[in-house]
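What follows is a set of notes on a single structure, which appears directly below.
Numbering (the working numbering), first residue to last: 1 to 341.
As structure tokens, then:
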């Protein structure tokens, strides 16, 4: 009998920026994040086995077999994600997965979360034959990947790259609001400015937490203030009030900088934004390097972009609120023995 056999499944997921609430979200505050129009892509194909082979220009090529008690090496994020998928599917299907990404690593744009979601979705779809896919299963597998990479992630990166758009997120509750807004028809342009300084999210989270804990009971006041800032930003976004939004971005950056997660290059970016009259600017993501988010008036954005490039920074014009996870499986007709035929 000729039956449809799924031989290849592909998935892609966007990058993300945290507009406000990074670091604070680990301590209970709400955070606002948006999916950005840079993407990772993973294509998983049936293999004769054994094991799962990952091929990546950034990470190289490696093969692993599931069932070990522990894992060591750069591939372990894939290992832990695949292990969770096998718990759902019931079998470890041999596969070759090709990984590609436009997203800079260590820049605060959720590169690992994007790859985690793309890989988890592509391999899960392959194991499930392209059927009965659950976003919660993809999220669970991707969180295994992210825990290996970051240690104690808030979960916001995985949530926004999975669902896309704008989301308000709280740790322990997940997505508490989706926002269907855009800055495309306003007088503002969003620039993502990359310092080129790679940093460790684990180290940044640890430094922020340590600095916050030194403030004792006052830390609760700051966490509450960060919460208020997030909701003020949401209100400004809905009202398309770009001037107020920009002022809140500067305020958010000031708090993060005071708690030790900025960097001299990030400060240079923010200071240049102020000097050129940009509406707002702040670090985005873990800080200590990575990227900054700059909100500029449309008529001034080109000049600001050239200034940053002259200083050696890489600049991306950002489209915020793009779609999240996308999956496609190729089906071919192939001779197969089917029980009962």
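Yeah, the Cβ is synthetic: ideal placement off N, Cα and C, and Gly gets one too.
Q: For residue 118, collect the residues of the same chain with a Cβ closer than 7 Å to its Cβ; drop the 5 residues on either side in sequence, then sort them by chain order.
A: Excluding residues within five positions, the ones whose Cβ falls inside 7 Å are 11, 12, 13, 40, 41, 42.
Q. Residues bridged to residue 177 by DSSP?
A. Under DSSP, the beta-bridge partners assigned to residue 177 are 168.
Q) In chain order, what residues of the same chain lie with their CB nearer than 7 Å to the CB of residue 51, ignoring the 5 residues before and after it? A) The beta carbon of residue 51 is closer than 7 Å to those of 63, 64, 65, 94 in its chain, skipping five residues each way along the sequence.
Q: Say whether the stretch 146-157 touches the stretch 16-34, bearing in mind that this needs 3 or more beta-carbon pairs closer than 8 Å, one atom from each stretch.
A: Yes: at least three Cβ pairs fall under 8 Å.
Q) With 16 as the cutoff for other CB atoms within 10 Å, does residue 302 come out buried or exposed? A) Classification for residue 302: exposed.
Q) So, residue 256 versus residue 262, is the Cβ gap smaller than 8 Å? A) Yes, they are a contact pair.
**Q.** Inter-stretch contact at 8 Å, needing at least 3 Cβ pairs: the stretch 214-233 / the stretch 268-286
**A.** Because the criterion of three Cβ pairs below 8 Å is not met, the stretch 214-233 and the stretch 268-286 do not touch.
Q. Among residues of its own chain, excluding the 5 on either side of residue 7, which ones have a beta-carbon nearer than 7 Å to its beta-carbon?
A. For residue 7, where only same-chain residues beyond five positions count, the Cβ hits under 7 Å are 45, 46, 330, 332.
Q. In terms of alpha-carbon separation, which member of 197, 48, 85, 35 lies closest to residue 106?
A. Out of 197, 48, 85, 35, the CA that lies nearest to the CA of residue 106 is found in 197.
(Q) Tell me the rounded alpha-carbon separation between residue 25 and residue 31. (A) Distance between the alpha carbons of residue 25 and residue 31: 6 Å.
Q) What's the call for residue 305, buried or exposed, on a 16-neighbour Cβ count within 10 Å? A) Buried, because 16 or more other Cβ atoms sit within 10 Å of the Cβ of residue 305.
Q) Closest to residue 34 by CA distance: which of 293, 145, 222 is it? A) Comparing Cα-Cα distances from residue 34 to each of 293, 145, 222, the minimum goes to 293.
Q: Following the continuous beta strand (DSSP E) through residue 97, name the residue where it begins and the one where it ends.
A: Run containing residue 97: 95-101, per the beta strand (DSSP E) assignment.
Q | Buried/exposed call for residue 85, threshold 16 Cβ in 10 Å | A | So residue 85 counts as buried.
Q.
Report the CB separation of residue 74 from residue 57 in whole angstroms; it is logged as a contact under 8 Å.
A. Under the criterion of beta carbons closer than 8 Å, residue 74 and residue 57 do not qualify as touching, at roughly 13 Å.
Q) By Cβ distance, which residues of its chain are closer than 8 Å to residue 238, with the 5 residues on each side in sequence left out? A) Once the five neighbours on either side are set aside, the close Cβ partners of residue 238 are 179, 181.
(Q) Give me, in chain order, the residues of the same chain whose beta-carbon lies closer than 7 Å to that of residue 128; leave out the 5 immediate sequence neighbours on both sides. (A) Excluding residues within five positions, the ones whose Cβ falls inside 7 Å are 89.
Q) Can you round the beta-carbon distance between residue 125 and residue 327 to whole angstroms, since I take them to be within the 8 Å contact cut? A) Yes, they are in contact, since the Cβ atoms of residue 125 and residue 327 sit about 5 Å apart, within 8 Å.
Q. When we look at the beta-carbon of residue 103 and count the other beta-carbons within 10 Å, is it buried (16 or more) or exposed?
A. Result: buried.
Q: State the start and end residues of the unbroken beta strand (DSSP E) segment that holds residue 35.
A: 31-46 is the extent of the beta strand (DSSP E) around residue 35.
Q | Distance between residue 258 and residue 213 (C-alpha atoms, nearest Å) | A | Approximately 13 Å between the Cα atoms of the pair.
Q) What residues in its chain sit with their C-beta under 8 Å from that of residue 147, if we drop five residues either side in the sequence? A) Cβ-Cβ distances below 8 Å link residue 147 to 80, 153 in the same chain, with the five nearest sequence neighbours on each side left out; the list follows chain order.
Q.
Whole angstroms are fine: how far does the CA of residue 218 sit from the CA of residue 27?
A. If you take the alpha carbons of residue 27 and residue 218, they lie about 13 Å apart.
Q | Contacting residues, own chain, Cβ-Cβ under 8 Å from residue 225 (five flanking each side not counted) | A | Only 255 meet the Cβ criterion.
(Q) Is residue 271 close to the ligand ADP? I mean its beta-carbon at under 7 Å from any heavy atom of the ligand. (A) What this structure holds is no ligand at all, so the ligand ADP is not there to describe.
**Q.** Length-filtered (4 minimum) alpha helix (DSSP H) runs lying within the stretch 263-295
**A.** Taking only runs of at least 4 residues, the alpha helix (DSSP H) segments lying wholly in the stretch 263-295 are 264-275.
Q.
Using CA atoms only, rank isn't needed, just tell me which of 249, 91, 284 is closest to residue 194.
A. The candidate whose alpha carbon is nearest that of residue 194 is 284.
Q.
Would residue 201 and residue 150 qualify as a contact pair, given that the criterion is a beta-carbon distance under 8 Å?
A. Between residue 201 and residue 150, the C-beta gap is smaller than 8 Å, which places the two residues in contact.
Q | Sub-8 Å separation of residue 92 and residue 116 beta-carbons | A | Result no, Cβ atoms of residue 92 and residue 116 do not sit closer than 8 Å.
Q. What number of angstroms, rounded off, separates the C-alpha of residue 310 from the C-alpha of residue 319?
A. Taking the straight line from one Cα to the other gives about 23 Å.
Q | Beta-carbon proximity list for residue 98, same chain, < 6 Å, skipping 5 on both sides | A | Cβ within range, chain order: 43, 55.
Q: Return helix, strand or coil for residue 60, following the three-state DSSP convention.
A: Residue state, collapsed to three classes: strand.
Q: Compute the Euclidean distance between the alpha carbons of residue 209 and residue 49, then round it to the nearest angstrom.
A: One Cα belongs to residue 209, the other to residue 49, and the distance between them is close to 44 Å.
Q. Exposed or buried, residue 132, counting other C-beta atoms within 10 Å across all chains shown (16 or more means buried)?
A. Counting of Cβ neighbours within 10 angstroms places residue 132 among the exposed residues, the total staying below 16.
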